[in-house]
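Protein sequence lines correspond, in order, to chains A and B.
49 is the number that the working numbering gives to position 49 of the first sequence; each next residue is one higher, with no gaps.
68 is the number that the working numbering gives to position 68 of the second sequence; each next residue is one higher, with no gaps.
The C-beta atom is built at its ideal place from N, Cα and C for all residues, glycine as well.
Quick caveat, the model's predicted, so the values are computed rather than measured.
Taking it in order: structure first as C-alpha cells, then the write-up.
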Amino acid sequence: MHGMTVIVKTISSWVKLLIFLFGIYIVIFGHLTPGGGFAGGVILAASYILLMLAFGREFAEENLSLGWASKLDCAGALLFAAIALCGLFYGGGYFFWNFIQHRYLAGPGHALKLVSAGTIPLANIAIGLKVMASLFLVTLVLSTFRPDRSAKEKE
Amino acid sequence: MAEIYILLLFVIIAAIIAVETRKLLSAVICIGAVGFGGSLIFLFLRAPDIAITQIVVEVLGLIILIRATISRDVTLISGDREFFGMVVSIVILLVIATAGVRVLETLPAFGTPIIARLPDAASNTYIKEGLARTGAANIVSSVILDFRAYDTLGETTVLFTSIIGATVILRKKSRKLLEELE
Numbered sequence: 001m002h003g004m005t006v007i008v009k010t011i012s013s014w015v016k017l018l019i020f021l022f023g024i025y026i027v028i029f030g031h032l033t034p035g036g037g038f039a040g041g042v043i044l045a046a047s048y049i050l051l052m053l054a055f056g057r058e059f060a061e062e063n064l065s066l067g068w069a070s071k072l073d074c075a076g077a078l079l080f081a082a083i084a085l086c087g088l089f090y091g092g093g094y095f096f097w098n099f100i101q102h103r104y105l106a107g108p109g110h111a112l113k114l115v116s117a118g119t120i121p122l123a124n125i126a127i128g129l130k131v132m133a134s135l136f137l138v139t140l141v142l143s144t145f146r147p148d149r150s151a152k153e154k155e
Numbered sequence: 001m002a003e004i005y006i007l008l009l010f011v012i013i014a015a016i017i018a019v020e021t022r023k024l025l026s027a028v029i030c031i032g033a034v035g036f037g038g039s040l041i042f043l044f045l046r047a048p049d050i051a052i053t054q055i056v057v058e059v060l061g062l063i064i065l066i067r068a069t070i071s072r073d074v075t076l077i078s079g080d081r082e083f084f085g086m087v088v089s090i091v092i093l094l095v096i097a098t099a100g101v102r103v104l105e106t107l108p109a110f111g112t113p114i115i116a117r118l119p120d121a122a123s124n125t126y127i128k129e130g131l132a133r134t135g136a137a138n139i140v141s142s143v144i145l146d147f148r149a150y151d152t153l154g155e156t157t158v159l160f161t162s163i164i165g166a167t168v169i170l171r172k173k174s175r176k177l178l179e180e181l182e
C-alpha cells in the first residue's frame, strides 16, 4: 500500500492541517458553539485517516503509532474519570461536581468567554483525545489486521 | 415542515435500495445517503450539535465500510422461501406494528415538546438554570457534561471496551504465541 496519486497527495498535504485545526477548534469551543468533544475528536481522527488513505498506512503509523494511539486513548479515559473524581474529593461531595465553576468562576461576569464553564472544557478535551485515538485505532486495526494468511500457509 | 417530509422520503427510499441492491458497494453508499439525509433533517430541526456529529461519524463510517467491503466478495442466497418461516415473520411484524401504532397514538403531536405539557419536567430546569449553574453557553454541552455526565461516562466506557475488543480479536498473533516465538 503506497498511497494514491500525486494530485491526492498534494491536496491532502495542504488540507490535513486545516482539518486538524478545525477539529481542535470544535473541541476547545465545545462549551460555546455547536460541537463538542465527540464531534471534534472524530474530525481529528479524520485528519489522520486522510493521511492514511493518501500516503499509505506506514506514513500514518510513523505520525501516530499504534502504541501512542492506545496511550492517548487511555489518557483521555483516565482524564475524564479524574475530572469526575475531583468533584467527589474536592469539596463537592458528589461525582461530576463542577468544582472549578462553583469555586472560581461563579458569577455572571464569565459567561460566553473561552475560560468559563469550569470542568466542561476539560472534559471536552479529554473526550476529544479519547475519541480521536480510538477511532484512529479502529481504522488502523481494520486495515492492518487483515484475515490471517500466514496461518493458512503454515498448514 | 415540507422539507423534512421530503428528506424523510429520500431516507426511506435510500434505505430500501440499500437492502434490495445486489452490489455491496452500492449498498454501503446508500447507507451513507441515509446518514446524510438524517443529518440534514437534524439541521432543519435546529439541532446543529447532533447534525455535526452525525455528518462527521457518517463520513468516517463510510470510509471504514468502503475499505472493509471493497475487496470482499458477496455470497448471494438463492432458493425458495420457507412457508412456515414466512408466516411466523408476518405474524410477528403485525404484532409489532399494532403495538407501535398504539404507542404512537399516546405520544404528543410533532413539534410540541414534553416541557410544554409538563412544567415540572427536568428539561425545563436545564433550560432555565443551565447558564447560571454551569456557565456553559452551549446548553447541549452543559447537559451532556454536567447534568447528565454519567451518560457520557457510560458512552466513553462503551467506546473504550469496543476498541479493546476490536484490537484483541483482529490482531494477527496472540501475545502468548509471540512470547513463545521469542
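Status (buried if at least 16 other CB within 10 Å, exposed otherwise) for residue i
{"i": "PHE83 (chain B)", "result": "exposed"}
{"i": "SER78 (chain B)", "result": "exposed"}
{"i": "TRP97 (chain A)", "result": "buried"}
{"i": "MET1 (chain B)", "result": "exposed"}
{"i": "GLU58 (chain B)", "result": "buried"}
{"i": "VAL19 (chain B)", "result": "exposed"}
{"i": "MET132 (chain A)", "result": "buried"}
{"i": "PRO108 (chain B)", "result": "exposed"}
{"i": "PRO113 (chain B)", "result": "exposed"}
Beta-carbon neighbours of residue i, restricted to chain B and to distances below 9 Å
{"i": "VAL131 (chain A)", "result": "THR156, LEU159"}
{"i": "SER12 (chain A)", "result": "Correct list: empty, because the minimum Cβ distance to chain B is about 13 Å."}
Helix, strand or coil at residue i according to DSSP, with G and I counted as helix
{"i": "THR112 (chain B)", "result": "coil"}
{"i": "ALA39 (chain A)", "result": "helix"}
{"i": "ILE70 (chain B)", "result": "coil"}
{"i": "MET86 (chain B)", "result": "helix"}
{"i": "LYS23 (chain B)", "result": "coil"}
{"i": "SER65 (chain A)", "result": "coil"}
{"i": "GLY23 (chain A)", "result": "helix"}
Supposed close pair residue i, residue j - CB separation, criterion 8 Å
{"i": "GLY118 (chain A)", "j": "GLY130 (chain B)", "result": "Not confirmed; about 13 Å, so no contact."}
{"i": "LEU50 (chain A)", "j": "LEU140 (chain A)", "result": "Not really, about 13 Å apart at Cβ, beyond 8 Å."}
{"i": "LYS71 (chain A)", "j": "THR156 (chain B)", "result": "Going by Cβ atoms, the distance from LYS71 (chain A) to THR156 (chain B) rounds to 16 Å, so no, they are not a contact pair."}
{"i": "LEU7 (chain B)", "j": "ILE41 (chain B)", "result": "5 Å"}
{"i": "LEU137 (chain A)", "j": "ILE12 (chain B)", "result": "With a Cβ gap of about 34 Å, LEU137 (chain A) and ILE12 (chain B) do not count as contacting."}
{"i": "GLY36 (chain A)", "j": "SER141 (chain B)", "result": "5 Å"}
Where residue i meets chain B, residues with beta-carbon distance less than 8 Å
{"i": "VAL42 (chain A)", "result": "THR53, VAL56, VAL57, LEU60"}
{"i": "GLY30 (chain A)", "result": "ASN138, SER141"}
Listed by chain order, chain A residues near residue i by CB distance under 9 Å
{"i": "LEU153 (chain B)", "result": "PHE80, ALA81, ALA84, PHE95, PHE96"}
{"i": "ARG117 (chain B)", "result": "Ordered by position in chain A, no residue passes the 9 Å Cβ test against ARG117 (chain B), which lies about 27 Å from the chain."}
{"i": "LEU43 (chain B)", "result": "Chain A residues near LEU43 (chain B): none, gap ~10 Å exceeds 9 Å."}
Chain-ordered chain A contacts of residue i [CB-CB under 8 Å]
{"i": "TYR150 (chain B)", "result": "PHE95, PHE96"}
Closer than 7 Å at the beta carbon, the chain B residues around residue i
{"i": "ALA39 (chain A)", "result": "ILE52, THR53, VAL56"}
{"i": "GLU139 (chain A)", "result": "Reading off the sequence, residue 139 (chain A) comes out as Thr, not Glu. Neighbours of THR139 (chain A) on chain B, chain order: ILE64."}
{"i": "THR33 (chain A)", "result": "ASN138"}
{"i": "SER47 (chain A)", "result": "Simply none; closest approach about 11 Å."}
Residue-level contact to chain B via CB, residue i, 8 Å cutoff
{"i": "ALA123 (chain A)", "result": "yes"}
{"i": "PHE20 (chain A)", "result": "no"}
{"i": "ILE24 (chain A)", "result": "no"}
{"i": "GLY128 (chain A)", "result": "no"}
Partner residues on chain A for residue i, Cβ-Cβ distance less than 7 Å
{"i": "SER26 (chain B)", "result": "None at all; the shortest Cβ gap to chain A is about 20 Å."}
{"i": "THR167 (chain B)", "result": "LEU137, VAL141"}
Test: residue i CB closer than 8 Å to a CB of chain A
{"i": "THR125 (chain B)", "result": "no"}
{"i": "SER39 (chain B)", "result": "no"}
{"i": "ILE29 (chain B)", "result": "no"}
For the region 59-85 of chain A, list every residue whose C-beta sits within 7 Å of some C-beta in chain E, in sequence order. This model lacks chain E altogether, as its protein chains are A and B.
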